[in-house]
Amino acid sequence: MTVLILFLAFFCLLMAGLPVVWAMAGGSIAALLWGDLHMPLAWIAQQTLR
């Protein structure tokens, strides 16, 4: 399920016109937030906002 969220978010963001790097980042964040991965939100914020 997590991989499906990752790919769907990536392709949707890519089709919306975002560059590949931003689409990859958005897909990764979506997979971390809504997938089966259990990461603390503080860690996600630290890794994405540095």
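To convert, note that position 50 of the sequence shown is 50 in full-length UniProt numbering; the numbers rise steadily by one, no gaps.
A virtual CB, placed ideally from N, CA and C, is assigned to each residue, including glycine.
| Query | Result |
| --- | --- |
| Please report the residue range of the alpha helix (DSSP H) in which G27 lies. | V20 to W34 |
| Classify F10 as buried or exposed, calling it buried when 16 or more other Cβ atoms lie within 10 Å of its own Cβ. | buried |
| State the start and end residues of the unbroken alpha helix (DSSP H) segment that holds A42. | L41 to T48 |
| Tell me which residues share the same chain as M39 and place their Cβ nearer than 6 Å to its Cβ, disregarding the 5 neighbours each side in the sequence. | L32 |
| Return the first residue and the last residue of the alpha helix (DSSP H) that M15 is part of. | T2 to M15 |
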